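> Letter 68 of the sequence shown, counting from 1, is numbered 68 in UniProt numbering, and no numbers are missing.
Would you mind keeping the following structure in view while I ask a few things?
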Amino acid sequence: MGYLLFVTLIQAFSFSLIGEYLAGHVDSYFAVLVRVVLAGLVFIPLTRWRQVEPSFMRGMLLIGALQFGVTYVCLYLSFRVLTVPEVLLFTILTPLHVTLIEDALNRRFNPWALIAALVAVAGAAVIRYDRINPDFFMGFLLLQLANFTYAAGQVLYKHLVARHPSDLPHYRRFGYFYLGALMVALPAFLLFGKADFWPEAPLQWGVLVFLGLVSTALGLYWWNKGACLVNGGTLAVMNNLHVPVGLLVNLLIWNQHEALGRLLLGGSVILAAVWISRLGIRQSQPSP
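Here it is in structure tokens:
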């Protein structure tokens with residue numbers, strides 16, 4: 001639990017740092033690439049190459065590509081059309097995606113998850129009912145893809161570690177994660193990156209270094225390690241804890257003029273979607 005709590009605090013500040021200092025100022029693909037490279041420089045020298053099963057390596061490459069590569073490309077792109085509080089609220093749906101992925105792996109269909117998804121879309125519409133446009137919904141959809149790939153990474157990592165137990169500590173097998181992320185971030189930057197939107201101010205470089213070394217390197221490592229030490233219910237709750245903390249940080253420090261009424265109402269509807277999803281899980285569990 002300690003790992004997850006610490007990473008939650010890191011995430012809460014990271015969202016605001018991205019929204020305030022990078023979004024619209026620094027190329028999204030470049031920012032993601034820098035974070036991957038910095039994190040890789042921390043873990044790859046610690047990685048064992050000869051005592052790790054090839055199937056585990058391949059699994060970690062896939063997890064890194066999903067949980068960081070695709071997730072953070074989508075996340076940074078969403079900041080172009082969404083405010084920081086909106087981005088935070090829309091990440092509430094990560095536990096819903098965890099449920100869907102778990103059901104798929106277990107070959108189950110949970111109709112409650114579909115209902116929850118529809119309620120969540122309604123909550124998003126409440127927040128921006130006066131300014132609904134294609135860009136807003138594109139941002140919402142980008143975040144749902146990010147939620148899905150982030151959730152998939154967590155679920156797959158737990159399954160992968162369980163299938164491939166090892167006496168090696170987690171950090172000795174985690175460098176493959178960042179290589180997988182690089183397999184997405186580098187081609188994305190080469191294809192879509194814009195050289196005229198690189199960081200110019202020292203503060204922007206400082207934010208990137210913090211996000212790379214702390215949020216990406218330590219944060220993702222501790223989060224995945226912590227995910228292996230708690231049950232599914234606790235992990236779902238922890239996936240959402242960064243939302244109230246992040247909103248508090250953003251509204252108090254950077255964004256005091258946000259329309260709080262609609263934000264709270266829409267956020268409550270989205271939170272209800274998560275509750276519906278959790279209700280479906282309880283309904284599907286056999287009675288003692």
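Each residue gets a CB set at the ideal place from its N, CA and C atoms; glycine is no exception.
Source: prediction; values computed, not measured.
Excluding the 5 residues preceding and the 5 following A58 in the sequence, name in chain order all residues of the same chain whose CB lies nearer than 6 Å to its CB.
The amino acid at residue 58 is misidentified as Ala; the sequence shows Arg. Cβ neighbours of R58 beyond the five flanking positions: none.
> When the Cβ atoms of the stretch 1 to 20 are set against those of the stretch 209 to 220, are three or more pairs found closer than 8 Å?
These segments touch.
> So the candidates are V214, T47, P169, A146; which of them puts its Cα closest to the Cα of V98?
Closest by alpha carbon: A146.
> When the Cα atoms are used, what is the spatial distance from L100 to L93?
The straight-line gap from Cα to Cα measures roughly 11 Å.
> Could you have a look at P288 and say whether DSSP puts it in helix, strand or coil?
Residue confidence is low: P288 scores 49 on pLDDT, short of 50, so the model does not pin down where it sits. Its coordinate-derived value is still stated next. Three-state result, P288: coil.
> Would you mind reading off the limits of the alpha helix (DSSP H) that contains C74?
Segment 71 to 78, the alpha helix (DSSP H) holding C74.
> Taking the alpha-carbon positions, what's the Y21 to L264 distance?
Answer to the nearest angstrom: the Cα atoms are 25 Å apart.
> Leaving out five residues before and five after G219 in sequence, what residues of the same chain have Cβ atoms less than 6 Å from its Cβ?
V7, I10.
> For R173 versus R50, is the C-beta spacing smaller than 8 Å?
Not in contact: R173 and R50 (Cβ atoms no closer than 8 Å).
> Return the CA-CA distance between P187 and G180, expressed in angstroms with no decimal places.
Whole-angstrom Cα-Cα distance: 12 Å.
> Out of curiosity, what's the CA-to-CA distance linking V52 and A122?
Their backbone Cα atoms lie some 46 Å apart in a straight line.
> Does the Cβ of F192 have 16 or more other Cβ atoms within 10 Å, making it buried, or fewer, making it exposed?
Exposed.
> With H, G and I counted as helix, E and B as strand and the rest as coil, what does DSSP make of V249?
V249 falls in the helix class under three-state DSSP.
> Thinking C-beta only, is Y150 closer than 8 Å to T71?
Contact flag set, yes.
> Just how far apart, CA to CA, sit residue 356 and S268?
Since the displayed the chain opens at 1 and closes at 288, residue 356 lies outside it and no answer follows.
> Got a sec? Which residues, its chain only, sit under 6 Å from Y171 by beta carbon, not counting five neighbours each side?
L46.
> When burial is assigned at 16 or more other CB atoms within 10 Å of the CB, is N106 buried or exposed?
Under this definition N106 is an exposed residue.
> Quick check on this structure: which residue in L156, Y76, Y29 has the alpha carbon closest to the alpha carbon of K225?
Of L156, Y76, Y29, the residue nearest in Cα terms is L156.
> Name the residue from V26, R80, I115 whose alpha carbon lies nearest to the alpha carbon of L279.
Among V26, R80, I115, the Cα nearest to that of L279 is on I115.
> Which residues in the same chain have their Cβ closer than 6 Å to the Cβ of G19, if we skip the five residues on either side of it in sequence?
Only F79, V84 meet the Cβ criterion.
> Report buried or exposed for G69, applying the criterion of at least 16 other Cβ atoms within 10 angstroms of its Cβ.
Counting Cβ neighbours within 10 Å, G69 comes out buried, since at least 16 surround it.
> Taking C-beta to C-beta, are L143 and A273 nearer than 8 Å?
Their beta carbons are not under 8 Å apart, which means L143 does not touch A273 by this criterion.
> Can you give the beta carbon distance from P202 to V26, rounded, assuming they're within the 8 Å contact cut?
That belief does not hold up - the Cβ atoms of P202 and V26 are roughly 13 Å apart, past 8 Å.
> Do F189 and M60 have their beta-carbon atoms positioned less than 8 Å apart in this structure?
No, these two residues do not count as a Cβ contact at 8 Å.
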